[in-house]
Each structure stands twice: as C-alpha cells, then as structure tokens.
Amino acid sequence: MKIAIAGGTGLVGRALTNLLREQGHEPIILTRGQPQNARYVQWLHGTLPLEQLDGIDAFVNLAGVSLNDRRWTSEQKEAIYNSRMTATEEMLRIVTQLSTPPQVIVNASAVGIYPISTTATYNETSTQRANDFLGKTVADWEQKALRAKELGIRTCLARFGVILDTDAGALPLITLPYKMFVGGTVGSGKQWLSWIHIHDVARAILYAIETPSLEGAINFAAPHAERMKSFGKTVSRILNRPHWLPVPNFALQLALGEKSVLVLEGQHVVPEKLLAAGFTFQFPTLEEALRDLYKS
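All residue numbers for the sequence shown refer to the UniProt record's numbering, where the first residue is 1 and numbers rise by one.
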C-alpha cells in the first residue's frame, strides 16, 4: 500500500514508517522541511505537489505540536490547538483534491477526551467528555477529522494513551528519578495511567488501515492500565532502583504548571474495539513492555 503520513518525523511517525517499510508498504512522509528524497513531500509550506500523493491508499495524520515540549503557557496552548486544527484542515483539503481519495484516514487523537477519574472505566462507547484544555482540544480535533466521513472516507480516530518509548514521550521523564535513585510515587498514586508500547501503536495503526470494520473512535491503549503507584513500582523493579521518595502534587504543579495534569491525573481506558476486531497486543502488560524497552 501507498500511505501518506503527516507528522511522520515524530515519535509515532518514525515507528510507523519503519513498520510500513518492513512490511513492504510505501510510506510518503509529509514534512514542513525540505524534501530529502522521493519519499518526502513538503506540506504546510508553499504548494503541495498533489501528483506525488495520487493513488495513496491511506492518509495518517499525526501532525501537531507535542504536549510534552514546554509548559502550557497561553501561547503554547494556542500552538497545540492551532497546529492540530491547521494540519487536519490541510489533510481534508488534500484528499478532496486528489483524483482518487484514500480509502481510509487515521487521525491522531488522545484519551484525554475522557474525564479524569479514579473510579470510571472508559471504552469507545463512553459519552462522557472532559471540560479541560486537553479534552476540549481533542473533541474539536476529532470533530474536524470526522468531516472526512462525509466525503465517503472510512475515518479512524486513534485515541492514544501514554505512549511508552525510551527516547521520547513521557517515559524518560517518569524513569529519570529512578535512574537517579530518588524515584517514588507520583502524586496520590491512585491516578490511572493508560499506556501503550510504541511498537503496538504502529502495529495498531496499520491494523486499523487494513481492517475495514474499524472506524470512528478507537482507544489505542494496552488492555491493562496501571495506577501510578503500581506503575512506579514496576519501573523500580525493571530498572532495579529503589521506589521510596514520594513526589507530592504541589512539587509537580510548581515544576510543570498546568501540564502536570498529564501525570497527576488520568483515565482508565480499555481498547474494546481493537480487541473485538482481533488485534493482538504484542505487549499487553506493563511488565512485558518495560522489559522489552529496557531489554531486561
């Protein structure tokens, strides 16, 4: 298959590109930078050469300013929001101009659309919505992406949990205190962390592309979420480091500002659609995921 990937140079995009190449598919990376070879196409900067996208089977939109880069100042929140709206709008413009539109679109989303809770469990049929910055951003993002469905294109909304990778994302921040021998429970420890291994993210995106029955909201989270206290103890065991020094809420709020909600609060999310469609997680438990990532 010929698959266009917007945001293909980011964490998920790189993993997906590698998987597609391994499987014999042709990824086309849309980038703001200068095209490096025939597999890279400029976008969001000048005129997009649409002929290079003719015949694509799928469009994967991962583009957007990272939630992890900086403190959530008003300017940063505006950048996070606008980057997602702009990229999705451009994706829609592109597919309407292609002589043959793609059969499927996979648009990134996040489990942050669900409200914070220590007691609720959310699947794709859950109608509750968060009213905070992240929840509203994700809701607007999904609403815009679903315009592709009106064009007759099967549309998947990939609601990512916390993606685990040793090079980027949240895991290096979570494990750093343990590597310095000062790791411990973050916040109350009761908050849920719905996580997923980076390789399962890439595999699930390809599975969504290849599975016609999958559409709409899809939870990209491992089947076994962990509370933060349990998550920390597993990290401690895998890294062979002590779990003893608690990190109080106020300390993280002081250090990270509003962005501290990413680790101080969370949701228990289950991937019912993926499991029902026959997807098998390579790393269904945190123990398996961390042992693979740290090769222990």
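Ideal Cβ positions, reconstructed from N, Cα and C, are used throughout, including at glycine.
Check: Can G112 and A87 be called in contact, C-beta distance under 8 Å?
Finding: Along the sequence shown, read from residue 1 onward, the residue named residue 112 stands at position 112. Along the sequence shown, read from residue 1 onward, the residue named residue 87 stands at position 87. Going by C-beta atoms, G112 is not nearer than 8 Å to A87.
Next item on the list: Just mark Q267 as buried or exposed, buried being the case when its beta carbon has 16 or more other beta carbons within 10 Å.
Entry: Your numbering for residue 267 matches position 267 in the sequence shown. So Q267 counts as buried.
Checklist line | Alpha carbon of K229 to alpha carbon of R93, nearest angstrom | finding: Residue 229 sits at position 229 when you count from the first residue of the sequence shown. Residue 93 sits at position 93 when you count from the first residue of the sequence shown. Approximately 45 Å between the Cα atoms of the pair.
Next item on the list: Pick helix, strand or coil for L193, following the three-state DSSP scheme.
Entry: Here residue 193 corresponds to residue number 193 of the sequence shown, with the count starting at 1. DSSP, reduced to helix, strand and coil, places L193 within a strand of the structure shown.
Next item on the list: Please state if the CB of V95 and the CB of G5 are separated by a distance shorter than 8 Å.
Entry: The residue you call residue 5 lines up with position 5 of the sequence shown. The residue you call residue 95 lines up with position 95 of the sequence shown. One detail in the question is off: residue 5 reads as Ile in this sequence, not Gly. Cβ atoms of I5 and V95: not closer than 8 Å.
Next item on the list: Run the CB neighbour count on G183, radius 10 Å, all protein chains shown included, and call it buried at 16 or more, exposed below.
Entry: Counting from one through the sequence shown, the residue named residue 183 turns up at place 183. Buried.
Item checked: Proximity winner among K179, L62 and F281, relative to S83 (alpha-carbon distances) -> In the sequence shown, counting from the first residue as 1, residue 83 sits at position 83. When each option's Cα is compared against that of S83, the closest is L62.
Next item on the list: Could you tell me whether the segment 264-278 touches the segment 207-217, where touching means 3 or more Cβ pairs closer than 8 Å?
Entry: Touching, per the Cβ criterion.
Notebook entry, point to check: What first and last residue would you give for the beta strand (DSSP E) that runs through S109?
Noted result: Within the sequence shown, numbered from 1, the residue matching residue 109 stands at position 109. Per DSSP, S109 is one residue of the beta strand (DSSP E) stretching across V104 to A110.
Next item on the list: Would you give the residue range spanned by the alpha helix (DSSP H) that K2 belongs to?
Entry: Working through the sequence shown from its first residue, we reach residue 2 at position 2. For K2, no alpha helix (DSSP H) encloses it; the enclosing beta strand (DSSP E) starts and ends at K2 to A6.
Notebook entry, point to check: Going by beta carbon distance, what residues of the same chain come within less than 7 Å of E265, once the five residues before and after it are set aside?
Noted result: Counting from 1 along the sequence shown, the entry for residue 265 is found at position 265. The answer, listed in chain order, is I116 and Q191.
Notebook entry, point to check: Hey, is the segment 253-261 in contact with the segment 53-73, meaning 3+ C-beta pairs nearer than 8 Å?
Noted result: Result yes; three or more Cβ-Cβ pairs closer than 8 Å.
Notebook entry, point to check: Which stretch, first to last residue, makes up the beta strand (DSSP E) that contains E26?
Noted result: Here residue 26 is taken as the residue at index 26 of the sequence shown, counted from 1. Segment E26 to T31, the beta strand (DSSP E) holding E26.
Notebook entry, point to check: Buried or exposed: where does D167 fall if 16 or more other Cβ atoms within 10 Å of its Cβ makes it buried?
Noted result: One-based indexing of the sequence shown puts residue 167 at position 167. It is exposed - the Cβ of D167 has fewer than 16 other Cβ atoms within 10 Å.
Margin query: Quick check: what's the CA-CA separation for T118 versus G189?
Written below: In the sequence shown, residue 118 corresponds to position 118, counting from 1. In the sequence shown, residue 189 corresponds to position 189, counting from 1. Taking the CA atoms as reference points, T118 sits about 10 Å from G189.
Check: What residue range is occupied by the uninterrupted alpha helix (DSSP H) comprising T280?
Finding: Your numbering for residue 280 matches position 280 in the sequence shown. Looking at the DSSP string, T280 is not in any alpha helix (DSSP H), and its letter there is neither H nor E.
Item checked: Where T17 falls, given that 16 or more other Cβ within 10 Å makes a residue buried -> Taking the first residue of the sequence shown as position 1, residue 17 is located at position 17. When all chains shown are included, T17 counts as buried.
Next item on the list: Please state whether DSSP places H243 in a helix, a strand or coil.
Entry: On the sequence shown, residue 243 is found 243 positions in, with the first residue counted as 1. In the structure shown, H243 sits in coil (DSSP, three-state: anything other than H, G, I, E or B).
Item checked: Boundaries (first-last residue) of the beta strand (DSSP E) holding V60 -> Counting from one through the sequence shown, the residue named residue 60 turns up at place 60. It spans A58 to N61 - the beta strand (DSSP E) in which V60 sits, taken as one unbroken run.
Notebook entry, point to check: Under the rule that 16 or more other beta-carbon atoms within 10 Å means buried, what is I80, buried or exposed?
Noted result: Numbered from 1 along the sequence shown, position 80 holds the residue referred to as residue 80. By the 10 Å Cβ count, I80 comes out buried.
Next item on the list: Would you mind sorting N240 into buried or exposed? The rule is 16 or more other CB atoms within 10 Å of its CB.
Entry: Stepping through the sequence shown from its first residue, residue 240 is reached at position 240. So N240 ends up on the exposed side.
Note to self: Comparing C-alpha positions only, which one of S66, Q23 and A289 sits nearest to S194?
What the structure shows: Numbered from 1 along the sequence shown, position 194 holds the residue referred to as residue 194. Cα-wise, what sits closest to S194 is A289.
Check: Quick one: any contact between the segment 145-162 and the segment 96-108, if contact means 3 or more CB pairs under 8 Å?
Finding: Proximity of the segment 145-162 to the segment 96-108 meets the contact definition, three or more beta-carbon pairs being nearer than 8 Å.
Margin query: Here's a check: name, in chain order, each residue in its chain whose Cβ is nearer than 7 Å to the Cβ of R21, leaving out the five neighbours to either side.
Written below: Residue mapping note: residue 21 aligns to position 21 of the sequence shown, counting from 1. For R21, where only same-chain residues beyond five positions count, the Cβ hits under 7 Å are P27.
Next item on the list: Would you kindly work out how many angstroms separate the C-alpha atoms of A38 and G232, rounded to a whole number?
Entry: Sequence index remark: in the sequence shown, residue 38 carries index 38 (1-based). Sequence index remark: in the sequence shown, residue 232 carries index 232 (1-based). Residue confidence is low: A38 scores 39 on pLDDT, short of 50, so the model does not pin down where it sits. No coordinate-derived value is stated.
Next item on the list: Would you kindly report the start and end of the unbroken alpha helix (DSSP H) that includes N219?
Entry: To locate residue 219, count along the sequence shown from 1; it is residue 219. From DSSP, N219 is part of no alpha helix (DSSP H) but of the beta strand (DSSP E) over G216 to F220.
Checklist line | L53 versus A277, K2 and A204, residue with shortest Cα-Cα distance | finding: For the purposes of this step, residue 53 is taken as residue 53 along the sequence shown, with counting starting at 1. L53 has its Cα closest to that of K2, out of A277, K2 and A204.
Checklist line | Alpha-carbon to alpha-carbon, D292 and F181 | finding: Taking the first residue of the sequence shown as 1, we reach residue 181 at position 181. Taking the first residue of the sequence shown as 1, we reach residue 292 at position 292. Spanning the alpha carbons of F181 and D292 requires a straight line of approximately 22 Å.
Check: Terminal residues of the continuous alpha helix (DSSP H) containing L262?
Finding: As a first step, residue 262 is located in the sequence shown; it is residue number 262 there, counting from the start. Run containing L262: V261 to L264, per the alpha helix (DSSP H) assignment.
Next item on the list: For my contact list, I198 and L11 are in at a C-beta cut-off of 8 Å; report their separation, rounded to the angstrom.
Entry: Position 198 of the sequence shown holds residue 198. Position 11 of the sequence shown holds residue 11. Under the criterion of beta carbons closer than 8 Å, I198 and L11 qualify as touching, at roughly 7 Å.
Next item on the list: Grab the span of the beta strand (DSSP E) containing T155 for me, first residue to last.
Entry: Mapped onto the sequence shown, residue 155 falls at position 155. Segment R154 to F160, the beta strand (DSSP E) holding T155.
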